[in-house]
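*Asks:*
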Amino acid sequence: MNGDSWPCALASGWHPLAHARELGARPLARTLMDVPVVLFRSGGQAVALVDRCPHRNVPLSCGQVRDGAIHCPYHGWAFDAGGRCVRVPGAEAVPDVAARALAVQECAGLVWVSLAPIPAAFPGLPPVLDEPTRDGFWWPLPASRARVLDAIENLLDPAHPHFLHPYLVRRPGARRAVRVRFTSDERGGEARYDEAEASLAWLPQLFEGRRTTVVGRYLAPSIAQLAFDSDAGSTLTLTVIFTPESQERTRPFAHFSTRRGLLPAWLKRWLLIAFHRPVLHQDRVMLARQAATIERFGEAAFSVGPMDLFGPLIWRLANGRASSAQQRELQFWL
Ligand code: FES
Ligand SMILES: [Fe+2]
């Protein structure tokens, strides 16, 4: 395992690897912090094993699941839900070997895995992921080139949309004063933007109506959330859980939750994806450029600007460094 090179809160933490509905009769190959993982179901329960047959080290994910065991594609050894070898085709004896079983849990429609022998407590998830009185859906997304902590910061960064998403998120040249209240503690942080006058582009305006507040939240180590409110209350909450596949590849699990209202759920889903697809593409291009530049220089050398509320908090908490409770009032022009 390569846990040493990862921020400790990620190394010991829980990470979604798949949507629960993706996991059926076929094994699913995933990567978590450079470790190949195979997921499958045994008796309906999700199972996660390190994806390496202990016999000759071929990937178990290329095999088949039968009777709740995964059968290696090379010599057919079978491994049960605990990873133990339970059958060697052509022989009576079964060697005392196992593929390493990983801690796994299903929660909020996702299959979560931890690489740690003794995992951290399961993260407290935002209630909006399971809220039956709202319309909600997960948007399945592939992994892309991005460093995980940079991807988290990107979602919570209020300073880039004028430049990276002009006319989609912000109207360039129309900045307005926005009051910001930032609070943080050892679990994460929250920035509340009083946005009544801010320069919103017409598309979000169409969807949200008159926006009054945006709240950006970070829940350590890898959950970020944006909650948009109008005069009538919460319009939209976007929650993203970022799974580190490798140092430079991150898979986002994105969930949209909207208030039940005039539009049917299927139409809202269509509109939200149509709007967020180009925004996501622009962010991915920039995150890939950032990762490539950092790789060429061999290390990151970041400075912290006046609008970088979340970066330092994310770096601290992901690395297990204590953070005392803080509260700040600021003014930005957004
Ligand atoms: S390599 Fe898996 S059974 Fe031989
Ligand atoms: Fe963005």
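Residue numbers for the sequence shown follow this note's numbering, beginning at 26 and rising by one.
Backbone N, C-alpha and C fix where the C-beta goes; we use that ideal spot for every residue, glycine too.
In this text the structure is predicted, and so the values were computed from the model without any measurement.
1) Figure out for me which residue from A36, L53, L35 and L359 has the closest Cα to the Cα of R200.
2) Give the C-beta separation of A34 and A343 to the nearest angstrom, bearing in mind that I take them to be a contact with Cβ-Cβ under 8 Å.
3) Relative to the C-alpha of T283, which candidate in L261, R274 and T275 has its C-alpha closest?
4) Indicate the three-state DSSP secondary structure (helix, strand or coil) for D256 in the structure shown.
5) Would you kindly work out how many angstroms separate the C-alpha atoms of F162 and T268, rounded to a whole number?
6) Answer yes if the region 303–321 comes into contact with the region 330–349, meaning at least three C-beta pairs across the two stretches below 8 Å, and no otherwise.
7) Return the CA-CA distance between A313 and P114, expressed in angstroms with no decimal places.
8) For R242, count neighbouring C-beta atoms within 10 Å of its own C-beta (all shown protein chains included) and say buried if the count is 16 or more, exposed if not.
9) Give me the residue from S255, E270, S247 and L251 with the minimum Cα distance to T237.
10) My assumption, with CB atoms under 8 Å, is that L296 sits in contact with V205. Please give the rounded CB distance.
11) Using three-state DSSP, classify V310 as helix, strand or coil.
12) DSSP on W163, reduced to helix/strand/coil?
13) If you draw a straight line from the C-alpha of C97 to the C-alpha of L42, how long is it?
*Replies:* On the basis of the data shown:
1) Taking the first residue of the sequence shown as 1, we reach residue 200 at position 175. The residue among A36, L53, L35 and L359 with its C-alpha nearest the C-alpha of R200 is L359.
2) The sequence position of residue 34 within the sequence shown is 9, counting from 1. The sequence position of residue 343 within the sequence shown is 318, counting from 1. Taking C-beta atoms under 8 Å as the contact rule, A34 and A343 qualify, at a distance of about 5 Å.
3) Within the sequence shown, residue 283 is the residue found at index 258, counting from 1. Residue L261 is the option with its Cα nearest to T283.
4) Here the question's residue 256 lines up with position 231 in the sequence shown. D256: coil per DSSP, three-state reduction.
5) Taking the sequence shown and counting its residues from 1, one reaches residue 162 at position 137. Taking the sequence shown and counting its residues from 1, one reaches residue 268 at position 243. Cα to Cα, the separation comes out at about 18 Å.
6) Contact between the region 330–349 and the region 303–321 is not established, with fewer than three Cβ pairs separated by less than 8 Å.
7) Position 288 of the sequence shown, counting from 1, holds the residue named residue 313. Position 89 of the sequence shown, counting from 1, holds the residue named residue 114. Approximately 46 Å between the Cα atoms of the pair.
8) Here residue 242 corresponds to residue number 217 of the sequence shown, with the count starting at 1. By the 10 Å Cβ count, R242 comes out buried.
9) For this step, residue 237 is matched to residue 212 along the sequence shown. Checking every option, the nearest Cα to that of T237 belongs to S255.
10) Along the sequence shown, read from residue 1 onward, the residue named residue 296 stands at position 271. Along the sequence shown, read from residue 1 onward, the residue named residue 205 stands at position 180. About 28 Å separates the two Cβ atoms, so there is no contact after all.
11) Here the question's residue 310 lines up with position 285 in the sequence shown. Helix at V310.
12) Taking the sequence shown and counting its residues from 1, one reaches residue 163 at position 138. Assignment of W163 by DSSP, reduced to helix, strand and coil, places it in the strand class.
13) Here residue 97 refers to the residue found at position 72 of the sequence shown. Here residue 42 refers to the residue found at position 17 of the sequence shown. Cα to Cα, the separation comes out at about 21 Å.
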